[in-house]
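Counting from 1, position 175 in the sequence shown corresponds to residue 175 in UniProt numbering; the numbering is continuous, with no gaps. Positions of the beta carbon are idealized from the N, C-alpha and C atoms, including for glycine. Computed from a predicted model, the values in this text were never measured in an experiment.
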Amino acid sequence: MPPTRPVRLCDLAELKPGQPGSFVPAADCAASAPAEPATPVASAATTEPAKAQAKASKSASASPPPAAPEPAQSAQEREQLRQQAYDEGFAAAEKKLHQQFDSTTKALGDACRQISRAREQILQRSRDDMLELVIAIAQRVIQLEVEERRDLIRFTVEKAIAAAVQAEEFHIRVHPEDMAVVEEHKPLFIASLSGLSNIEFVADRSLSRGGCVLESPAGKVDARIETQLDEIFSHLRSKAGEPS
């Protein structure tokens, strides 16, 4: 079966004038149709180079012109830049060195102050320890002196009577081992103070040897050895605590 060809308008029957019902063949229709002018068709090989050339021309016209080359730096300008960089680096290094020096100086000052405070504390402890040692030695020496000098109580009683407010009668407490000495010197004690008519000695084991406590209606005199030493040592401690 032959292939089907699409029907063209020219193939349709056309009536010729004066001949109703007659047909014109397709070939005659095509021959009788007016010829159209031929349109030239450009090939792809011819069109593409033209487009590329046009695009390149457009890009070249849109791009800015190339910058002019900068003139080379002179030797004097290079030397100025080098000197400027050197000065800036030197100033930065000097500033950093000063900061480090200040920090080191401050740390050294703090350390010196700490050492000074520690030294004062050590000296103070040393003075206190030395003073306590001196006091202990003095107490021992006095104790030995009292034990060897039996008549030391006599000087203690005389001192207590001289410090007491005048009264007609005194009550004096002494260590029992000192009773014999004070009773022996009782008349001398009474004669040493005008208006004194009687002295009563009382043995008291709470007192250490060589000391006494005088009591009268007018007051009391503490003449114990340890009391006198406490006053002396208290004065020494106060002096030792003062800054030198």
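What separation, rounded to the nearest whole angstrom, lies between the Cα atoms of residue i and residue j?
{"i": "residue 185", "j": "residue 154", "result": "7 Å"}
{"i": "residue 237", "j": "residue 96", "result": "52 Å"}
{"i": "residue 101", "j": "residue 127", "result": "39 Å"}
{"i": "residue 79", "j": "residue 94", "result": "22 Å"}
{"i": "residue 86", "j": "residue 114", "result": "42 Å"}
{"i": "residue 235", "j": "residue 104", "result": "45 Å"}
{"i": "residue 76", "j": "residue 91", "result": "22 Å"}
{"i": "residue 120", "j": "residue 231", "result": "26 Å"}
{"i": "residue 98", "j": "residue 84", "result": "21 Å"}
{"i": "residue 123", "j": "residue 143", "result": "30 Å"}
{"i": "residue 145", "j": "residue 180", "result": "18 Å"}
Among the residues of its own chain, which have a CB less than 7 Å from the CB of residue i, if the five just before and after it don't count?
{"i": "residue 81", "result": "none"}
{"i": "residue 132", "result": "none"}
{"i": "residue 117", "result": "none"}
{"i": "residue 125", "result": "none"}
Among residues of its own chain, excluding the 5 on either side of residue i, which ones have a beta-carbon nearer than 6 Å to its beta-carbon?
{"i": "residue 214", "result": "160, 164, 170, 172 and 221"}
{"i": "residue 219", "result": "165"}
{"i": "residue 193", "result": "161"}
{"i": "residue 89", "result": "none"}
Who are the near neighbours of residue i in its chain, counting only those whose CB is closer than 8 Å to its CB and skipping five residues on each side?
{"i": "residue 227", "result": "211"}
{"i": "residue 207", "result": "173, 174, 175, 213 and 224"}
{"i": "residue 205", "result": "175 and 176"}
{"i": "residue 190", "result": "196, 197, 198 and 199"}
{"i": "residue 74", "result": "none"}
On the criterion of 16 or more Cβ atoms from any shown chain inside 10 Å, does residue i qualify as buried, or is it exposed?
{"i": "residue 261", "result": "Any property of residue 261 remains undetermined from this structure, which presents the chain solely from 1 to 244."}
{"i": "residue 156", "result": "buried"}
{"i": "residue 182", "result": "buried"}
{"i": "residue 152", "result": "buried"}
{"i": "residue 239", "result": "exposed"}
{"i": "residue 216", "result": "buried"}
{"i": "residue 15", "result": "Confidence at residue 15 is low in this model, with a pLDDT of 45, below 50, so its placement is unreliable and the value that follows should be read with caution. With fewer than 16 other Cβ atoms within 10 Å, it is exposed."}
Kindly indicate which residue of the options has the alpha-carbon position closest to the one of residue i.
{"i": "residue 147", "options": "209, 194, 117 and 89", "result": "209"}
{"i": "residue 140", "options": "229, 114, 105 and 179", "result": "229"}
{"i": "residue 233", "options": "150, 130 and 188", "result": "130"}
{"i": "residue 188", "options": "120, 158, 122 and 149", "result": "158"}
{"i": "residue 150", "options": "124, 143, 178 and 83", "result": "178"}
Query - the segment 155–169 / the segment 124–138 touching (three or more Cβ pairs under 8 Å) - result: With the cut-off at 8 Å, the segment 155–169 and the segment 124–138 do not touch.
**Report entry** Inter-stretch contact (C-beta, 8 Å, three-pair minimum) for the segment 101–117 and the segment 193–211
**Finding:** Judged by Cβ distances under 8 Å, the segment 101–117 makes no contact with the segment 193–211, as fewer than three pairs qualify.
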